[in-house]
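In mature numbering (1 follows the signal peptide of the UniProt record, and there is no 0), the protein residues as written are -22 to -1, 1 to 212.
All residues carry an ideal CB built from backbone N, CA and C; glycine is no exception.
Worksheet for the structure shown next.
Below, the structure is given as structure tokens:
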């Protein structure tokens, strides 16, 4: 998404007007399946660039659902892509989900009998928007455009996370949002982290059942043993 976003920013700089909104959200269900929604809108100066990026999204994700959207006087598109499991999301979700040794761990799942532990360690790399040699006034105009940018990433989890470093939290603590604007306007990296557990209720219930059965059997055995001893001493 970042490369496409930079193309749009260049278009807006040349137009020297307007603003752009980019929002990406990932909603994860308890079974690990997920839906990614990417929404990009801009003013009339970005119409052709938006069309080109929409076509690129469709080419990269042939199964994606694409629709045109409006936001006030801005127009654009929304792309929805579904993933069957966490592993597929990590592999195809984009650069921010990619694990890089020494930088971020990406998405990991640790499975155990009682619960599955999910850890998100995502990374959005800051990139300088190089517009070439510009006079001070032009640079000021470009920075003014960058200051109008809205660029957010939201992670909607099935349960409240145990740890997270989001910029804002909503939805009973399960909706985490990071502001990625500074990756474009300031060239700064952003690391997004969250972890949570999904408890396996069936395994927990089975374990409790086995423990209860074992206690009942032990109690029954002890009762029969004491009764036998009582009969022998009678």
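> In angstroms, rounded to a whole number, what distance separates the CA positions of residue 195 and residue 137?
Replying inline: Counted from its first residue, the chain shown places residue 195 at position 217. Counted from its first residue, the chain shown places residue 137 at position 159. Taking the straight line from one Cα to the other gives about 37 angstroms.
> In angstroms, rounded to a whole number, what distance separates the CA positions of residue 83 and residue 143?
Replying inline: If you number the chain shown from 1, residue 83 lands on position 105. If you number the chain shown from 1, residue 143 lands on position 165. Distance between the alpha carbons of residue 83 and residue 143 is about 15 angstroms.
>> Can you find the residues in the same chain that come closer than 7 angstroms, C-beta to C-beta, to residue 163, ignoring five residues on each side of it along the sequence?
In response: As a working mapping, residue 163 is identified with position 185 in the chain shown. Answer for residue 163: 124, 125, 127, listed in chain order.
> For residue 154, which beta-bridge partners are listed by DSSP?
Replying inline: In the chain shown, residue 154 corresponds to position 176, counting from 1. DSSP, once it has assigned bridges, lists 133, 147 as partnering residue 154.
> So, helix, strand or coil for residue 180, using DSSP?
Replying inline: If you number the chain shown from 1, residue 180 lands on position 202. Of the three classes helix, strand and coil, the one that applies to residue 180 here is helix, per DSSP.
> For residue 175 versus residue 68, is the C-beta distance shorter than 7 angstroms?
Replying inline: On the chain shown, position 197 is the one that residue 175 refers to. On the chain shown, position 90 is the one that residue 68 refers to. Contact flag unset, no.
> Apart from the five residues on each side of it in sequence, which residues of its chain come closer than 7 angstroms, Cβ to Cβ, to residue 177?
Replying inline: Within the chain shown, numbered from 1, the residue matching residue 177 stands at position 199. Excluding positions up to five away in sequence, the list reads 92, 93.
>> To the nearest angstrom, how far is the alpha carbon of residue 44 from that of residue 55?
In response: Position 66 of the chain shown, counted from the first residue, corresponds to residue 44. Position 77 of the chain shown, counted from the first residue, corresponds to residue 55. Spanning the two alpha carbons is a distance of roughly 7 angstroms.
>> If distances are taken between C-alpha atoms only, which option among 148, 158, 154, 197 comes closest to residue 132?
In response: Position 154 of the chain shown, counted from the start, is the residue given in the question as residue 132. It is 154 whose Cα lies nearest to the Cα of residue 132.
> Taking the alpha-carbon positions, what's the residue 72 to residue 147 distance?
Replying inline: Your numbering for residue 72 matches position 94 in the chain shown. Your numbering for residue 147 matches position 169 in the chain shown. Each residue's Cα considered, the two are about 23 angstroms apart.
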